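Using the working numbering, read the sequence shown as starting at 4 and increasing by one per residue.
All C-beta atoms, glycine included, are put in the ideal place defined by N, C-alpha and C.
Fair warning: this is a prediction, and the values are worked out from it, not measured in the lab.
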Amino acid sequence: MPNLYIISGCNGAGKTTASFTILPEMLNCREFVNADEIAKGLSPFQPESVSFQAGRIMLERIEELINSGVDFAFETTLTTLSYINTIKIAKEKGYSITLLFFWLNDVDLAIERVKIRVSEGGHNIPEETIRRRYFRGTNNLINKFIELCDFWIVIDNSSKPFNFVAEGQGNTQIKIHDEPIWQIIKKQRDEKD
């Protein structure tokens with residue numbers, strides 16, 4: 004059975020950094036589709052200027068990988084619901100869906116981490132976009148995506164070492180590792196962006 008890994012979380016949560024270790028070394032996954040990396044390939048000095056084109060290429064690549072039946076991963080903030088259909092199609096083609104959600108305990112930490120990334124030559128995200136995505140992604144995780152996944156895990160990546168918060172199989176067999184943090188995350192799903 005092929006595997007689809009969804010690497011998710013707000014901007015600045017450490018998704019890409021974690022992916023470069025977790026995917027090849029721990030999950031033996033060699034295909035990683037990331038719109039930000041695609042944009043850097045298209046326009047290294049102004050990746051923001053080709054974000055729409057990079058997103059389109061990403062979706063085409065995901066479709067190719069699903070049709071080829073190989074293990075792969077993609078990265079998302081979970082702010083769009085368009086991936087719901089992608090997950091359903093992958094499941095119809097026999098994929099096992101695993102979602103890893105990297106959570107930060109404060110939207111201001113997300114903003115600060117993006118600023119640090121920019122100072123190190125990485126891509127920028129406007130502050131208002133980070134704020135909107137922070138809450139919308141958590142909301143969509145709890146209300147839309149968990150139920151679609153064969154396995155999911157939420158990781159608090161606010162500090163080192165990271166902290167496993169919760170895991171489960173769809174809406175069943177949920178195991179809470181850090182109840183206070185899990186309650187904060189569930190409360191955030193109802194906050195407005």
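Residue i versus residue j: straight-line alpha-carbon distance, rounded
i	j	result
THR141	PHE48	31 Å
LEU112	ILE184	16 Å
GLN176	ASP153	11 Å
LEU68	SER52	26 Å
GLN186	ALA169	10 Å
ASN70	PRO5	11 Å
HIS2	ASN174	No answer is possible for residue 2: the residues shown for the chain start at 4 and end at 196.
GLU115	SER122	11 Å
ARG59	GLU95	22 Å
PRO164	PRO129	28 Å
PHE55	SER46	12 Å
LYS118	THR80	17 Å
VAL73	THR24	19 Å
GLU66	GLU182	37 Å
Spatial neighbours of residue i in its chain, beta-carbon cut-off 6 Å, leaving aside the 5 residues before and after
i	result
ILE10	LYS18, SER22, ALA76, GLU78, LEU103
LEU7	ALA93, TYR98, ILE100
TYR137	CYS13, VAL110, ALA113
ASN160	ALA16, GLY17, PHE105
ARG64	VAL36
ARG134	VAL110
Chain-order list of residues whose beta-carbon lies under 7 Å from that of residue i (same chain, five-residue window excluded)
i	result
ARG33	PRO27
ILE90	ILE100, LEU151
ASN108	ASP159, SER161
GLN172	ASP153, PHE154
GLN191	PHE138, THR141
GLY124	none
Own chain residues within Cβ distance below 8 Å of residue i, not counting five before or after
i	result
LYS189	ILE145
HIS126	ASP39, ALA42, LYS43, PRO50, GLU51, ARG120
MET61	VAL36, ASN37, ALA38, ILE41, PHE77
THR132	ASN14
Paired residues, beta bridge with residue i - DSSP
i	result
GLU170	ILE156, LYS178
Min CB distance residue i to chain D below 8 Å
i	result
GLU63	Of the chains in the structure shown, none is chain D; there is only one protein chain.
Presumed contact (8 Å Cβ cut-off) between residue i and residue j, rounded CB distance
i	j	result
LYS147	ILE87	6 Å
LEU84	ASN143	7 Å
ILE156	PHE167	7 Å
Could you tell me which whole alpha helix (DSSP H) segments of length 4 or greater appear in the region 7-41?
18-24
Inside the region 50-130 only - alpha helix (DSSP H) runs reaching at least 4 residues:
54-71, 85-95, 110-122
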